[in-house]
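Notes follow once the structure below has been shown.
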Amino acid sequence: MFHSAEQEKRIHKEQEIMRSGEANGTSLCQYRNVSCVRCCLPHIGGDPHMEDSGEQRSALSGKSASAYRLKYSGRYLGPRNILMKFNNFNPLKDPKIEASQYEDSFADVGREEMERRFSERRKLFLGTYDPEQPRQSLTRYMKAAQANEGYRYKPAASAGPVSLFLAGSVPAGCFKKGELPECQLLGFLDGEGKVGCMAHPLAATSRDYDGRDHVGFFHHTGCCENVGCEASREFRFLSASAMKVFDKAVAHMSWYEYSRHATSVLVYYLRSYDFILQSLDEREFLDALTLEQLVVFTNTLYNEWPINNPDHDSKRMDSLDILSTDIPLAERILYIALDTRFQRDHFAVQLQQARDHIEKVSNIPQRKGNGEH
């Protein structure tokens, strides 16, 4: 997605406001006992950012732009294919992983196959890595691991500023075994199935040495210090109430499930509705709701939102206007997520209307059902 210089300037102003709050110290990449490995394993697949196939979407788009918007606008599939409705508040990135602009592009190779590779890599790493000669032994390990796996992928660039864009790029075409990008440092860190970077300084396998920037897939960028997704940046701003929902959603997930489902749409959904989640938590409703029940509630709120009349777009406040208002930040983000069409000359009246509606629906969140609303 390309933006004009003026659009980029406006978008970055929005980002400054949205991330101006106090960030917590939690990490989406390493959360409790599970890790997300999608930056190192982009073809793991994951939650689609939109329903239906590309062919189906293209056919409808060619037939009717308005019908396309009606069907797909503000609709995202989260964990367990739950349909979540919200207007994406971050125009820089859709709710999907885009660490290097190729994630979600390839068929998933499967958990069983990846864990087989992780076991073999761990065995090879432990037999090759020498803490007395870490640089040399890491290079030997990578060459041996890639040879064992028939790994043939080569980045388009591996040095200089251009590498930030081309080193993770993948040309169009059909791919054979070994031709998809992957980092062979990814493996089992212990005998209990914990997955991560074997050259990470905190991993027992590396013995306190940081070898990521020597041979890792993103070594030209400083590895995971400079590579990450938008969801990981938004995650740090979630409230304690939103984290309750996140905890329930990811409970009992394996590394595989967490990497596929927890790090894209779910985070954007929670960030969008954080104001509502805090309100439900204050009323002691939140803990009793399953993720499915909560989504039915927020989808209904999205569908029945009273301030989204498109007839007054010429006088409509845009997202930067809303973010610049003197109301709580989470509330501002909520109005953008609900595609609120405040009119500039009626903002005070419509704001009160919006708040009255939220107050009303927040007292009746026990709407049941798992179907689409």
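The numbering of the sequence shown is the numbering used here, which starts it at 170 and goes up by one. The beta carbon of each residue, even a glycine, is placed where N, CA and C say it ideally should be.
Check                                                                                               : Outcome
Residue of Trp424, Leu507, Ser242 and Asp382 minimising C-alpha distance to Gly279                  : Trp424
Nearest candidate by alpha-carbon position, reference Glu289, set Leu355, Ile251, Arg244 and Gly243 : Leu355
Start and end residues, alpha helix (DSSP H) containing Arg286                                      : Arg280 to Thr297
CB contact below 9 Å: Ala420 versus chain C                                                         : Annotation note: the requested chain C is absent from the structure, which comprises a single protein chain.
Close Cβ partners of Ala192 (< 7 Å) along its chain, the five nearest in sequence each way excluded : Arg405 and Phe406
Cβ-based burial, Ser204 [other Cβ within 10 Å; buried from 16]                                      : buried
Limits of the alpha helix (DSSP H) - the one that Met311 falls within                               : Pro303 to Glu318
Option in Tyr442, Glu473 and His369 with minimal Cα separation from Cys209                          : His369
Per-residue DSSP class, three states only, for Tyr378                                               : coil
Between the CA atoms of Glu224 and Ile527 - distance to the nearest angstrom                        : 38 Å
CA nearest to the CA of Val465, picked from Glu318, Ile251, Arg207 and Gln199                       : Ile251
Alpha carbon of Asn543 to alpha carbon of Ala411, nearest angstrom                                  : Outside the modelled stretch of the chain, which goes from 170 to 542, sits residue 543, for which no answer is possible.
Boundaries (first-last residue) of the beta strand (DSSP E) holding Met253                          : Leu252 to Lys254
Environment of Gly247 [buried if 16+ CB atoms lie within 10 Å]                                      : buried
Best match in Asp359, Met422 and Glu351 for proximity to Tyr320 [C-alpha to C-alpha]                : Glu351
Identity of the residue in Leu503, Arg286, Phe454 and Val518 nearest Gly362 by Cα                   : Arg286
Selection from Thr432, Arg501, Gly190 and Leu507 that minimises the alpha carbon distance to Thr139 : Here the chain covers residues 170 to 542 and nothing more, so residue 139 does not appear.
Opening and closing residue of the alpha helix (DSSP H) in which Phe415 lies                        : Ala409 to Val419
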